[in-house]
Amino acid sequence: MTGNYTQIISRFLQYLEVERNLSANTVRSYNIDLQQFFQYVSGQEISSVRDIDHLFIREYLAVLQKDEYQKRTVARKLSSLRSFFKYAYRNGEIEVNPMEKVTSPKLGKKLPSFLYVESVEMLLMAPDISPAGIRDKALLEVLYASGMRVGELEQLNCSAIDFENAQAVVIGKGNKERIVPLGSYSVSALKEYLQKVRPVYAARVTADKDRDALFLSQKGTRLSSRGIRWLVKKYVEKASLQSGISPHSLRHSFATHLLEQGADLRAVQELLGHSSLSTTQIYTHVSRKRLKDIYDRCHPRA
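Taking this note's numbering as reference, the numbering of the sequence shown is continuous, increasing by one, and the terminal residue is 310.
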């Protein structure tokens with residue numbers, strides 16, 4: 009990759025981080041998509057970002073589809089390119105935005121995966137009573153009780169927990185702060201973890217950034233999003249639940265179960281930290297689908 013591309017990408021990533029205040033994980037995803045694109049560019053007869061036109065982008069799109077990337081992955085990669093070229097055009101790096109003539113693949117609405125209450129109970133009972141199991145029980149309880157994103161859980165600190173009011177202060181997308189409930193079960197599990205396990209792990213902390221981390225590894229480091237996903241997968245398998253369940257599935261379950269019990273859609277929107285109500289509305293479709301499944305299974309003349 010030439011220095012020309014590297015410098016523009018670097019400026020764009022800095023813009024995402026500083027001006028748009030995107031999370032490190034999101035910026036990393038943009039970087040991966042751009043590195044892949046410009047790796048392809050470097051193998052073609054293109055010497056400058058100004059020489060990239062809409063026909064070339066469509067050619068790249070065809071390559072992605074030929075390589076059997078899923079539609080959602082292709083759409084995300086094109087979204088990254090769309091943001092990049094919009095930035096480059098606004099800042100005079102290019103004279104024409106090639107993405108203006110490129111459309112993303114149409115996506116059907118994908119209903120989020122979620123667990124029935126009984127399956128959630130099985131998952132929450134899966135950890136044992138070892139120190140790691142006590143920590144993992146608290147982690148799973150907090151995920152389901154709060155509906156927070158895995159990245160939000162990773163960044164959660166001890167100082168953000170308000171035990172008196174059974175709630176936590178979460179820093180969400182765009183660095184937006186919101187308060188999420190914890191509930192009696194997760195509070196109880198957290199107290200046990202903080203009393204019996206975390207002090208042992210905290211004694212092994214060496215980095216200042218990890219000293220206030222709520223969930224620590226046995227080595228004394230903040231549990232990463234990747235580590236949290238691995239733990240959830242481990243207990244999903246232990247509880248013999250369906251494959252494909254992730255931390256985000258617990259977030260989906262949180263929202264679905266609230267709506268099924270009559271919670272107001274806007275209240276759920278606020279709890280999830282969604283900026284748009286339309287993002288939350290997909291959970292109403294999940295609830296309707298579940299009701300249809302129950303009808304089909306139980307009604308004698310369904």
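Every residue, glycine too, gets a C-beta built ideally from N, C-alpha and C. Everything numeric in this text was worked out from a predicted model, so none of it was measured.
- Along the length of the segment 85–157, whole alpha helix (DSSP H) runs at least 4 residues long occupy 125–132, 139–154, reported in chain order.
- Secondary structure note for valine 49: its alpha helix (DSSP H) is the uninterrupted segment 32–50.
- Excluding five sequence positions before and after proline 106, the CB atoms of its chain that fall closer than 8 Å to its own CB belong to Ile60, Asp61, His62, Phe64, Ile65, Phe93, given in chain order.
- Between the alpha carbons of phenylalanine 223 and leucine 231 lies a gap of roughly 6 Å.
- When the beta-carbon positions are compared, tyrosine 77 and phenylalanine 45 stay at least 8 Å from each other.
- Per DSSP, the continuous beta strand (DSSP E) segment holding glutamine 175 begins and ends at 175–179.
- Within the same chain, no Cβ atom closer than 6 Å to the Cβ of lysine 181 is found once the five residues on either side in sequence are excluded.
- A Cβ-Cβ contact shorter than 8 Å links serine 233 with asparagine 33.
- Excluding its 5 nearest sequence neighbours in each direction, valine 26 has no C-beta neighbour in its own chain below 7 Å.
- In this structure, proline 113 keeps its C-beta atom at 8 Å or more from the C-beta atom of valine 208.
- Distance from the CA atom of serine 87 to the CA atom of leucine 280, rounded to whole angstroms, is 23 Å.
- With distances taken between CA atoms, aspartate 136 lies nearest to Ala197 out of Ser50, Ala197, Lys85.
- Aspartate 272 carries a coil assignment under DSSP once its states are collapsed to helix, strand and coil.
- Cβ-Cβ distances below 8 Å link lysine 85 to Asp41, Gln44, Phe45, Leu72, Tyr77 in the same chain, with the five nearest sequence neighbours on each side left out; the list follows chain order.
- Between the alpha carbons of aspartate 272 and valine 150 lies a distance of about 22 Å.
- Pairing isoleucine 169 with arginine 206, the inter-Cα distance amounts to about 14 Å.
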